[in-house]
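Have a look at the structure below before the remarks.
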Amino acid sequence: MVGRSWKARCLLGHAMASLWMYIMRMPVSRIDAGDMRDMRRACAHVSARMADSLRSMLDSMNIRLWFAGARPKTWPASIAPVLVGAAMAYVRLTQLGTCIEINPEPAECTANRAQQSVLLGRFWPVFALCVLVALLFQIAVNYANDYSDGIRGVDAGRDKEELAQWDAGQVRGRGAKPQRLVASGVPPKQVLMAAGSAAALACVCGLAAVLISQGWWLLAVGALSLVAGWFYTGGRHPYGYAGFGELGVFLFFGLAAVLGTEYALSGTVEGMGVAAAVCCGLNAVMLLMINNLRDVEEDREHGKRTLAVRLGEHNAGILLTVCCVIAWMIGAFVCMALWMPWGAVLLISGVGVPVRMILSVPKRRFCTAFNDAGFQTSFFAVVVVVSALVM
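No gaps in the numbering here: position 357 of the sequence shown is 343 in the working numbering, and each next residue is one more.
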């Protein structure tokens, strides 16, 4: 690793020195069109050498491997619920200060305006902390799952297979699988330490959000989320191996994420927030179901009884379709209630993506289906935010 990094620095230094010497040897008065072409050619050569050097340095530090192990395609499942919860809280706060003009102003209206001022004053700091909590928690769970599956041998032999499939999957949209750290040779203790570090940072951000918002019961939600994240694939009897992973995802990446954010920002939870949380939970369930459908053969061989293994590919595909339809029905209702009728119209404009997602699963184009599920998750959050802002 040290040798590769030193070689990269030497290549970069040599490229820069060559360009500098070329320019210094050329008198300014003699620069013509041909010289400019040579200089552009030299700059292009140096740029290519710099890119190769940077790529070599990144490879030597395994940054790209660790980034792939964090599974960034799953991040929308954690960030989108926070955006939705924040939008629901914003709607509540804008309505809180609305009162009929009466002189003198009722005491209730005065109290509501004061509360609105306090909550809006801390809205953005708490929102930023909620985003960090969700993102760091997702990364911690991904690393923890990598560690647990790796030491159990579930990912054995996947390193070479994934390296061969990853680029091909991105090009053709087939069932490419994300690269795993332990299966790629990273020591399990390092992966576990990375998971613990991300979880610790999530706890710090969560504690700061609780201190600012004074929503002390959110500490219990955070503790339960950490326990659920670890025992998804960790411990002696992981519930993800017993077919309950989708339930855990629905509860913590749907209800807990949306309603926890809404409460932290507005101090209350309302019915529309619950409906939006159910939609986010179903979107997260679809991401996990596609992931498990892709791995159904390997999971069956290793005794990992996911919901896809228990139901079979055909029935799991039907359940995926049902979840998609219900999520869109609830999502259209939420968006229309926020911005009548254009919220629903805006959401329905993207209906082609979930249709392609559903059609891709029987063809085993899981990379396409997974990307579409991630887009659907993000798209719903964006439409909710837009609808909340323009209502």
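We put the beta carbon where it would ideally sit given N, CA and C, even for glycine.
The alpha helix (DSSP H) that contains residue i, what's its start and end?
i, result
"residue 216", "204 to 217"
"residue 354", "352 to 376"
"residue 223", "Taken as a continuous stretch (DSSP letters only), residue 223 belongs to no alpha helix (DSSP H), as it is neither H nor E."
"residue 67", "62 to 82"
"residue 337", "Careful: residue 337 lies outside any alpha helix (DSSP H) and carries neither H nor E."
"residue 258", "257 to 280"
"residue 300", "299 to 324"
"residue 241", "Where residue 241 is concerned, there is no enclosing alpha helix (DSSP H), given that its DSSP letter is neither H nor E."
"residue 121", "109 to 138"
"residue 55", "49 to 55"
What does the Cβ neighbour count give for residue i, buried or exposed, with the cut at 16 atoms within 10 Å?
i, result
"residue 370", "buried"
"residue 85", "exposed"
"residue 158", "Any reading at residue 158 must be qualified, since the residue scores a pLDDT of 45, below 50, and its modelled position is unreliable; the value itself is stated next. Answer is exposed; the Cβ neighbour count stays below 16."
"residue 173", "exposed"
"residue 81", "exposed"
"residue 111", "exposed"
"residue 373", "buried"
"residue 335", "exposed"
"residue 332", "buried"
"residue 311", "exposed"
"residue 290", "buried"
"residue 272", "buried"
"residue 293", "buried"
"residue 149", "For residue 149, the predicted model reports a pLDDT of 48, less than 50, meaning its position is unreliable and no value from the coordinates is stated."
"residue 200", "exposed"
"residue 202", "exposed"
"residue 224", "buried"
"residue 248", "buried"
"residue 53", "exposed"
"residue 170", "buried"
"residue 89", "exposed"
"residue 205", "exposed"
For a test of the three-state rule: what should DSSP assign to residue i, helix, strand or coil?
i, result
"residue 96", "helix"
"residue 191", "helix"
"residue 175", "helix"
"residue 201", "coil"
"residue 231", "helix"
"residue 182", "helix"
"residue 347", "coil"
"residue 293", "helix"
"residue 327", "coil"
"residue 167", "coil"
"residue 157", "In this prediction, residue 157 has a pLDDT of 42, which is less than 50 and means its spatial position is unreliable; what the coordinates show is noted afterwards. In this structure, residue 157 counts as helix in the three-state DSSP scheme."
"residue 287", "helix"
"residue 58", "helix"
"residue 87", "coil"
"residue 12", "Unreliable placement is indicated for residue 12, whose pLDDT of 49 sits below 50; no coordinate value is reported for it."
Tell me, to the nearest whole angstrom, how far the beta carbon of residue i is from that of residue j; I am working on the premise that it is less than 8 Å.
i, j, result
"residue 240", "residue 214", "12 Å between Cβ atoms; not a contact."
"residue 360", "residue 59", "6 Å"
"residue 231", "residue 265", "The pair is not a contact, with the Cβ atoms about 19 Å apart (cut-off 8 Å)."
"residue 309", "residue 268", "5 Å"
"residue 302", "residue 275", "6 Å"
"residue 343", "residue 355", "5 Å"
"residue 244", "residue 259", "6 Å"
"residue 117", "residue 196", "The Cβ separation is near 15 Å, so there is no contact."
"residue 122", "residue 188", "4 Å"
"residue 218", "residue 178", "Not confirmed; about 15 Å, so no contact."
"residue 307", "residue 78", "With a Cβ gap of about 33 Å, residue 307 and residue 78 do not count as contacting."
"residue 251", "residue 72", "6 Å"
"residue 262", "residue 74", "6 Å"
"residue 119", "residue 192", "5 Å"
"residue 242", "residue 207", "5 Å"
"residue 211", "residue 238", "5 Å"
"residue 83", "residue 108", "That belief does not hold up - the Cβ atoms of residue 83 and residue 108 are roughly 16 Å apart, past 8 Å."
Against chain D, with Cβ distances strictly below 8 Å, would residue i count as a contact?
i, result
"residue 187", "Here chain D cannot be found, since the structure has a single protein chain."
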